[in-house]
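Notes follow once the structure below has been shown.
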Amino acid sequence: MTKQHPLIELRDVGKRFGGVVALEEMNLEIYPGEVVGLVGDNGAGKSTLIKILAGAHPHDSGEIIFEGKRVASLNPSSAKVLGVETVYQDLALVDTLDVPGNIFLGRELIRFGVGALRVLDKPSMDERSQQLLDRLEVRLPHPESEVGMLSGGQRQSVAISRALFTNPKLVILDEPTSALAVREVEHVLALVRQLREQHIAVLFISHVLQEVFAVTDRIVVLRKGRKVTDLVTTETSLDTVVGFMVGQLDGDSHA
Amino acid sequence: MRELWRRWALDYGIYVVLGLLSLVLWQMSPYFLTASNLLNIGAQISMIAVVAIGMTLVILMAEIDLSVGSVAALAGAITAGLLHVTPPDGLAAGVWMVVAIGVGLSVGTLAGLINGLFTVWGGIPSFIVTLGTLSIGRGLVLLFTGGRPIFDLGQDFAQISWGKVGSVPVPIVIMLSLYVLAWLFLRSTQMGRYVYAVGTNKRAVELAGVNVRKLKIAVFSLAGTFSALAGIMLTSRLDSAQPTAASGWELSVIAAVVLGGASLYGGRGSVAKTLVGAFILQIISNGLNLLNVQAYWQQIAKGSIILIALLIERILRGRR
Numbered sequence: 007m008t009k010q011h012p013l014i015e016l017r018d019v020g021k022r023f024g025g026v027v028a029l030e031e032m033n034l035e036i037y038p039g040e041v042v043g044l045v046g047d048n049g050a051g052k053s054t055l056i057k058i059l060a061g062a063h064p065h066d067s068g069e070i071i072f073e074g075k076r077v078a079s080l081n082p083s084s085a086k087v088l089g090v091e092t093v094y095q096d097l098a099l100v101d102t103l104d105v106p107g108n109i110f111l112g113r114e115l116i117r118f119g120v121g122a123l124r125v126l127d128k129p130s131m132d133e134r135s136q137q138l139l140d141r142l143e144v145r146l147p148h149p150e151s152e153v154g155m156l157s158g159g160q161r162q163s164v165a166i167s168r169a170l171f172t173n174p175k176l177v178i179l180d181e182p183t184s185a186l187a188v189r190e191v192e193h194v195l196a197l198v199r200q201l202r203e204q205h206i207a208v209l210f211i212s213h214v215l216q217e218v219f220a221v222t223d224r225i226v227v228l229r230k231g232r233k234v235t236d237l238v239t240t241e242t243s244l245d246t247v248v249g250f251m252v253g254q255l256d257g258d259s260h261a
Numbered sequence: 094m095r096e097l098w099r100r101w102a103l104d105y106g107i108y109v110v111l112g113l114l115s116l117v118l119w120q121m122s123p124y125f126l127t128a129s130n131l132l133n134i135g136a137q138i139s140m141i142a143v144v145a146i147g148m149t150l151v152i153l154m155a156e157i158d159l160s161v162g163s164v165a166a167l168a169g170a171i172t173a174g175l176l177h178v179t180p181p182d183g184l185a186a187g188v189w190m191v192v193a194i195g196v197g198l199s200v201g202t203l204a205g206l207i208n209g210l211f212t213v214w215g216g217i218p219s220f221i222v223t224l225g226t227l228s229i230g231r232g233l234v235l236l237f238t239g240g241r242p243i244f245d246l247g248q249d250f251a252q253i254s255w256g257k258v259g260s261v262p263v264p265i266v267i268m269l270s271l272y273v274l275a276w277l278f279l280r281s282t283q284m285g286r287y288v289y290a291v292g293t294n295k296r297a298v299e300l301a302g303v304n305v306r307k308l309k310i311a312v313f314s315l316a317g318t319f320s321a322l323a324g325i326m327l328t329s330r331l332d333s334a335q336p337t338a339a340s341g342w343e344l345s346v347i348a349a350v351v352l353g354g355a356s357l358y359g360g361r362g363s364v365a366k367t368l369v370g371a372f373i374l375q376i377i378s379n380g381l382n383l384l385n386v387q388a389y390w391q392q393i394a395k396g397s398i399i400l401i402a403l404l405i406e407r408i409l410r411g412r413r
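As you go down the protein sequences, you meet chains A and B in turn.
Per the working numbering, residue 7 is the first one in the first sequence, and the count goes up by one each step.
Per the working numbering, residue 94 is the first one in the second sequence, and the count goes up by one each step.
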């Protein structure tokens with residue numbers, strides 16, 4: 007869609023678990039600020055692909071090129087350094103902490119002190135997380151309440167905001183709407199659009215194709231560990247995508 | 094509205110219970126609300142309350158420490174044993190006493206460290222690990238003392254439990270200062286926050302890059318140190334190290350912590366409420382004494398009160 011260089015590029019990436027081929031000949035480009043939908047049936051290779059990008063699984067073959075440079079191998083922290091943040095399905099929030107507490111978990115701002123006695127700088131954390139939420143246009147009625155008290159959609163917003171704290175270039179959202187009420191889904195989709203406006207690329211994984219169509223620029227269909235097609239969202243239809251997913255249609259990938 | 098009431102009851106209910114109990118006891122005996130009786134109660138609970146600080150931290154992380162009584166007895170016995178040794182040449186008796194106390198405290202830290210290492214690196218539930226160290230600790234006490242009390246520990250050592258700062262007994266000063274420190278630690282420090290967070294969602298804290306294993310080992314060590322301190326306070330109070338000292342402390346301490354609203358599943362609780370819990374348990378004893386209830390019945394009454402309190406809390410938490 008854009009004529010820029012890709013943010014991240016996969017060339018013939020493959021991954022095996024023992025004798026099982028989880029992913030093969032995977033070619034994928036994601037451009038800055040682009041929302042790419044990743045769809046496919048269970049076992050199509052979506053999770054494997056996410057985990058390779060997040061650095062949780064090393065890839066066996068092929069190349070990963072990030073901003074024009076070949077990346078030797080990814081691990082969870084090097085992926086974060088490159089600017090890839092992942093929001094997992096099960097959220098990883100601490101229910102008894104408030105919103106700033108979750109956004110700053112593991113990277114708390116310290117007023118003074120060393121070692122076991124580092125004293126938290128709560129006012130600064132409150133202020134900076136509010137700035138982050140404002141920037142993302144996330145509205146939470148009571149940021150000081152425990153996140154365990156928030157609704158599913160609000161919790162998802164907190165999890166996404168937390169991932170955005172480090173100004174990543176690519177955010178991977180693994181089924182961000184799976185546990186949400188219909189009304190709250192729209193909330194998350196709005197947040198995804200917000201990310202695109204801020205030029206952050208998003209890899210959006212969902213089982214609900216209507217959501218994928220509502221929010222993505224491009225849709226990548228995986229089937230049995232391979233990419234079967236790569237479609238521009240506005241130029242395709244739900245039936246076409248389903249056809250590729252179940253294997254009725256069998257196009258060459260025209261990436 | 095009901096939701097608000099429920100949350101209020103969960104947050105402040107324990108203080109209401111304390112207030113009501115105090116009123117009842119005051120009705121039964123005007124003596125109850127005198128300064129001297131309150132200071133007396135304070136001194137009585139000081140040891141259990143000091144152990145309960147460490148226990149609160151451990152329980153907040155969804156772990157448990159059953160070895161507190163044995164560790165307390167061991168630390169007390171070793172300190173008492175050292176007090177009977179003639180100080181090395183040139184060392185004043187006062188300095189030697191500080192050394193003896195220091196060694197006793199270190200024994201507690203070491204015991205806690207062992208609890209932590211077995212739990213974290215061994216992957217054994219802390220319930221089992223500390224059940225083991227409970228037994229080992231008591232065995233060591235019996236070995237060390239030969240099953241006989243160590244008496245006559247000296248006037249200076251007795252000051253730890255019988256001395257006063259102004260008109261306030263030293264044990265109360267020790268207890269309250271530690272509670273203030275623990276409260277500040279949990280409220281305001283990064284590590285204190287992690288203690289809560291680990292008990293709520295350990296995996297999330299690990300994913301955030303925090304060294305959860307190190308944190309747990311540190312907290313177990315701290316809990317062991319608190320047990321040792323309480324054991325030394327008890328030894329001073331009795332002017333002797335008894336081989337069976339502090340037996341069953343684990344039950345009173347855990348009772349105080351859970352009565353204070355801490356969840357054994359971790360993540361919920363506060364040291365302030367733990368102190369209130371310890372206080373309530375003691376005034377129940379006081380009250381039953383005033384009512385001339387036989388000691389055997391007191392045990393039953395106490396246990397029942399704890400069960401009922403927890404059942405009410407469970408109902409208030411309702412859906413969760």
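For every residue, glycine included, the Cβ atom is placed at its ideal position computed from N, Cα and C.
Check                                                                                                                                                                                                         : Outcome
What is the DSSP secondary structure of residue 187 (chain A), counted as helix, strand or coil?                                                                                                              : coil
Would you mind telling me which residues of chain A sit closer than 9 Å to residue 261 (chain B), beta carbon to beta carbon, in chain order?                                                                 : By Cβ distance, chain A contributes nothing, its closest Cβ being about 27 Å from residue 261 (chain B), past 9 Å.
In the DSSP output, which residue or residues are listed as bridge partners for residue 247 (chain B)?                                                                                                        : According to DSSP, residue 247 (chain B) bridges with nothing at all.
By Cβ distance below 8 Å, which residues in the same chain neighbour residue 107 (chain B) in space, the five residues on each side in sequence not counted?                                                  : 352, 353, 354, 366, 369, 370 and 373
Is DSSP giving residue 248 (chain A) helix, strand or coil here?                                                                                                                                              : helix
Closer than 7 Å between beta carbons: that is the criterion. Which residues of the segment 89-101 of chain A meet it against chain B?                                                                         : 98, 99, 100 and 101
Counting pairs of Cβ atoms below 8 Å between the segment 270-289 of chain B and the segment 107-121 of chain B, do you hit three or more?                                                                     : no
May I have the straight-line CA-CA distance separating residue 248 (chain B) from residue 190 (chain B), to the nearest angstrom?                                                                             : 11 Å
Within a Cβ cutoff of 7 Å, which residues of the same chain sit near residue 39 (chain A), ignoring the five residues on either side of it in sequence?                                                       : 202, 205, 206 and 207
Under 8 Å between beta-carbons, which chain B residues line up against residue 114 (chain A)? List them in chain order, please.                                                                               : 283 and 286
Beta carbons nearer than 8 Å to chain A: which residues of the segment 295-309 of chain B have them?                                                                                                          : 296, 297, 298, 300, 301, 302 and 303
Tell me whether the segment 181-201 of chain B and the segment 247-261 of chain B touch, counting them as touching only if at least three CB pairs, one residue from each stretch, are closer than 8 Å.       : yes
In this structure, what does DSSP give as the bridge partners for residue 140 (chain B)?                                                                                                                      : DSSP, once it has assigned bridges, lists no residue as partnering residue 140 (chain B).
What residue does the alpha helix (DSSP H) around residue 54 (chain A) start on, and which one ends it?                                                                                                       : 52-60
Please return the same chain residues whose Cβ sits closer than 7 Å to the Cβ of residue 195 (chain A), not counting the five positions on each side in sequence.                                             : 217, 220 and 221
When burial is assigned at 16 or more other CB atoms within 10 Å of the CB, is residue 125 (chain B) buried or exposed?                                                                                       : buried
Going by Cα to Cα distance, which pick from A:226, A:117, A:174 and A:168 is closest to residue 281 (chain B)?                                                                                                : A:117
Since residue 104 (chain A) contacts residue 153 (chain A) with CB under 8 Å, what's their CB separation in whole angstroms?                                                                                  : 7 Å
On the DSSP letters alone, give me the boundaries of the alpha helix (DSSP H) that residue 330 (chain B) sits inside.                                                                                         : 305-331
Could you tell me which uninterrupted beta strand (DSSP E) segments, each at least 3 residues in length, are contained entirely in the segment 198-270 of chain B, listed from first to last along the chain? : none
Taking C-beta pairs closer than 8 Å, name the residues in chain A that residue 407 (chain B) reaches, listed in chain order.                                                                                  : Correct list: empty, because the minimum Cβ distance to chain A is about 17 Å.
Counting contacts by CB-CB distance shorter than 7 Å, is residue 290 (chain B) in contact with chain E?                                                                                                       : No chain E is part of this structure, whose protein chains are labelled A and B.
In chain A, which residues lie less than 9 Å from residue 311 (chain B) when you measure between Cβ atoms?                                                                                                    : 122
So with Cβ pairs under 7 Å, would you call residue 360 (chain B) a contact of chain A?                                                                                                                        : yes
Would you please verify whether the beta carbon of residue 4 (chain A) is less than 7 Å from any beta carbon of chain B?                                                                                      : As shown, chain A starts at 7 and ends at 261. That puts residue 4 (chain A) outside it, with no answer to give.
Are there 16 or more other CB atoms within 10 angstroms of the CB of residue 101 (chain B), so buried, or fewer, so exposed?                                                                                  : exposed
Report yes or no: do three or more beta-carbon pairs, one from the segment 224-242 of chain B and one from the segment 149-168 of chain B, lie closer than 8 Å?                                               : yes
Flag this pair as yes or no: are the beta carbons of residue 140 (chain B) and residue 327 (chain B) separated by less than 7 Å?                                                                              : yes
Just confirm the distance between the C-beta atoms of residue 224 (chain A) and residue 42 (chain A), as a whole number of angstroms; I'd bet it's less than 8 Å.                                             : 5 Å
When we look at the beta-carbon of residue 253 (chain A) and count the other beta-carbons within 10 Å, is it buried (16 or more) or exposed?                                                                  : exposed
Out of B:357, B:333, B:350 and B:314, which has the shortest C-alpha to C-alpha gap to residue 204 (chain B)?                                                                                                 : B:314
Since residue 79 (chain A) sits in a beta bridge, which residues does DSSP pair it with?                                                                                                                      : Paired residue(s): none; residue 79 (chain A) is not in a bridge.
Short check: CB of residue 29 (chain A) to CB of residue 16 (chain A), under 7 Å?                                                                                                                             : no
List in chain order: all unbroken alpha helix (DSSP H) runs of 4+ residues lying wholly within the segment 93-118 of chain A.                                                                                 : 105-109
Applying a beta-carbon distance threshold of less than 7 Å, which residues of chain A neighbour residue 293 (chain B)?                                                                                        : 100, 101 and 102
Between the alpha carbons of residue 294 (chain B) and residue 180 (chain A), how many angstroms are there, rounded?                                                                                          : 20 Å
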